[in-house]
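A short write-up of the structure that comes next.
In this note's numbering, the protein residues as written are 8 to 415.
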C-alpha cells in the first residue's frame, strides 16, 4: 500500500475499536479502491471470510508499499496486538516456531487489513489442534498455455474422484488463474497422512485424465497441463482463503462457487466491487462446508494400492541432487517478478532462434520462498529446441541472492 498522509479512523466493530490508519490511501489505482474500501469489503463478507480463515493461525502477507511491490511474509504476531486478536504457537518442520495471528471476528479482519494485508493465508488447522488438519486443499494450478476450460474439466474429474472416496469438495476461484477445491475432513490425521492423501488424489486425477492434468512434481515435466498441487497440504504451507482479495490490478477476489457455476463463471467477474452484491443476494456458497467433514480412509487405502510414486534419478556426483530428464538451463535469479520477466526478455533477444521454438510451458518462472519474501528463478526447458539451436548454460543474466547479508 503506497504511503499517504491522512487522519486515522476508529471503527467500532461488534464492541471492539479498530484503528484504521490513512483510510484514504489508494491501494488499487485502476478501480480507485482505498484502504477504507477494503475494510468495508471484508466487513460485508465477514461471515464467509471467517468461515475460511477464522480460528486458524495465519501468516500475515503484507503489502506496505503497494500491490506492485513484493510483499513480505510475517509469521509472528505483531507485538502490542489488541485483545481481540488471538494467537497460536506453531512448530515448523525445520525446528523453528512462531506465535502466529489468529482472527476470530470481523474486528480481526479489519485489523489485518490495516496492517497492509490483502489476502488471508491461514493454515489448514484450527488453533485448538495444530497437528491435525481439518481441511484438505486441492490447488488446480494451470501451466502457461492452459485455458480456463481445461482447468474446469480437471475440477470435475477431481469431483468425481472425491465422490468415489466419499468426500465433498467446495470449489472457489483462486483469485488468479486457477481453482481451489476445499475438502473438510475430521481432524484425525497428521500432516504427512493428509499430504499423502492429497498426492494420491492428484495421481488418480492424472490417471483418469492424462494430458489434461498432472501430478508430476517437477515443473519441466508437466507440459501444458493443470498441475494438481498436492504439496499445498504440507506442513508450513498456506493458501489464500475464501473471499481473499488478491494483489491484481482489478482487485480480484478468491470467490466461492457452486458446482453448477464452475463452467459458466470466470475469475475476472469476482472483485472487491462485485462480490458484496453477490454475497448479499445469494449468501456464501460454502455455508455448509463445516457440516460435511470427511474421512480419508478410502484415499489412504488407494495410496496403499498405488504404491509410492516413482523417484527421480540422482546425479552421480555424490550430491544427492535430482537428475532432470529435461534439457534445462537457468537464466536468472531476481528479487522481483518484473525483473525476472525482464531477464528472460534479455535472454530471448540473445537467442532468438531458440526462443522462437519454445512452447509456453517451456519458460519456467518460479516464485521461490525466501526468509520473509519471495524471490524468482527463471529457467528454460529446451526440449522443443533443435539441438543445433540449443544455447549452453551461460552466466546468469541476474544473480540475486536472497540470503546475502544474513547470518546462518
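For every residue, glycine included, the Cβ atom is placed at its ideal position computed from N, Cα and C. A quick note: this is a predicted structure, and the numbers were derived from the prediction, not measured.
Do you know whose CA, among the options, lies nearest residue i's CA?
{"i": "residue 333", "options": "264, 228 and 364", "result": "228"}
{"i": "residue 55", "options": "294, 223 and 347", "result": "294"}
{"i": "residue 94", "options": "393, 129, 70 and 58", "result": "129"}
{"i": "residue 241", "options": "391, 139, 253 and 275", "result": "139"}
{"i": "residue 21", "options": "349, 115, 135 and 256", "result": "115"}
{"i": "residue 383", "options": "250, 365, 361 and 348", "result": "348"}
{"i": "residue 217", "options": "204, 226 and 234", "result": "234"}
{"i": "residue 69", "options": "253, 299 and 276", "result": "253"}
{"i": "residue 222", "options": "100, 180 and 317", "result": "317"}
{"i": "residue 342", "options": "356, 380, 305 and 365", "result": "380"}
{"i": "residue 362", "options": "393, 376 and 271", "result": "393"}
{"i": "residue 428", "options": "301, 270, 311 and 377", "result": "Nothing about residue 428 can be reported from this structure: the residues present for the chain run from 8 to 415 only."}
{"i": "residue 75", "options": "399, 113, 287 and 34", "result": "34"}
{"i": "residue 40", "options": "24, 26, 132 and 73", "result": "73"}
{"i": "residue 299", "options": "374, 169, 92 and 155", "result": "169"}
{"i": "residue 14", "options": "23, 29, 24 and 409", "result": "29"}
{"i": "residue 48", "options": "287, 397 and 407", "result": "287"}
{"i": "residue 79", "options": "219, 310 and 126", "result": "126"}
{"i": "residue 266", "options": "408, 178 and 389", "result": "178"}
{"i": "residue 193", "options": "351, 173 and 358", "result": "173"}
Using DSSP's beta-bridge definition, name the partner residues of residue i.
{"i": "residue 104", "result": "98"}
{"i": "residue 68", "result": "80"}
{"i": "residue 25", "result": "18"}
{"i": "residue 180", "result": "186"}
{"i": "residue 339", "result": "385 and 405"}
{"i": "residue 278", "result": "259"}
{"i": "residue 373", "result": "384"}
{"i": "residue 35", "result": "40"}
{"i": "residue 47", "result": "Residue 47 pairs with nothing; no bridge assigned."}
{"i": "residue 301", "result": "192"}
Going by other Cβ atoms of all chains shown within 10 Å of its Cβ, with 16 needed for buried, is residue i buried or exposed?
{"i": "residue 10", "result": "Because residue 10 sits at a pLDDT of 44, beneath the cut-off of 50, its placement in the model cannot be relied upon, and the following sentence gives the value as read from the coordinates. Exposed: under 16 other Cβ atoms inside 10 Å."}
{"i": "residue 297", "result": "exposed"}
{"i": "residue 308", "result": "exposed"}
{"i": "residue 8", "result": "Because residue 8 sits at a pLDDT of 46, beneath the cut-off of 50, its placement in the model cannot be relied upon, and the following sentence gives the value as read from the coordinates. Label assigned to residue 8: buried."}
{"i": "residue 263", "result": "buried"}
{"i": "residue 103", "result": "exposed"}
{"i": "residue 71", "result": "exposed"}
{"i": "residue 415", "result": "Because residue 415 sits at a pLDDT of 46, beneath the cut-off of 50, its placement in the model cannot be relied upon, and the following sentence gives the value as read from the coordinates. Flag for residue 415 reads exposed."}
{"i": "residue 211", "result": "buried"}
{"i": "residue 121", "result": "buried"}
{"i": "residue 86", "result": "exposed"}
{"i": "residue 25", "result": "buried"}
Contact check, residue i vs residue j under 8 Å by CB: the rounded distance?
{"i": "residue 206", "j": "residue 237", "result": "4 Å"}
{"i": "residue 201", "j": "residue 143", "result": "6 Å"}
{"i": "residue 151", "j": "residue 405", "result": "Incorrect: roughly 21 Å between the Cβ atoms, too far for contact."}
{"i": "residue 46", "j": "residue 117", "result": "5 Å"}
{"i": "residue 387", "j": "residue 338", "result": "6 Å"}
{"i": "residue 371", "j": "residue 391", "result": "Actually they are not in contact, since the Cβ atoms of residue 371 and residue 391 sit about 13 Å apart, beyond 8 Å."}
{"i": "residue 180", "j": "residue 261", "result": "6 Å"}
{"i": "residue 58", "j": "residue 249", "result": "7 Å"}
{"i": "residue 274", "j": "residue 285", "result": "Incorrect: roughly 14 Å between the Cβ atoms, too far for contact."}
{"i": "residue 50", "j": "residue 204", "result": "Their Cβ separation, rounded to whole angstroms, is 36 Å, which puts residue 50 and residue 204 out of contact at 8 Å."}
{"i": "residue 131", "j": "residue 146", "result": "12 Å between Cβ atoms; not a contact."}
{"i": "residue 61", "j": "residue 111", "result": "6 Å"}
Query raised in the report: Counting only runs that start and end within the stretch 201-257, where is the beta strand (DSSP E) found for 3 or more residues in a row?
Result: 233-235
Query raised in the report: Can you list, in chain order, the stretches of the beta strand (DSSP E) that have 3 or more residues and sit fully within the stretch 102-150?
Result: 104-109 and 142-149
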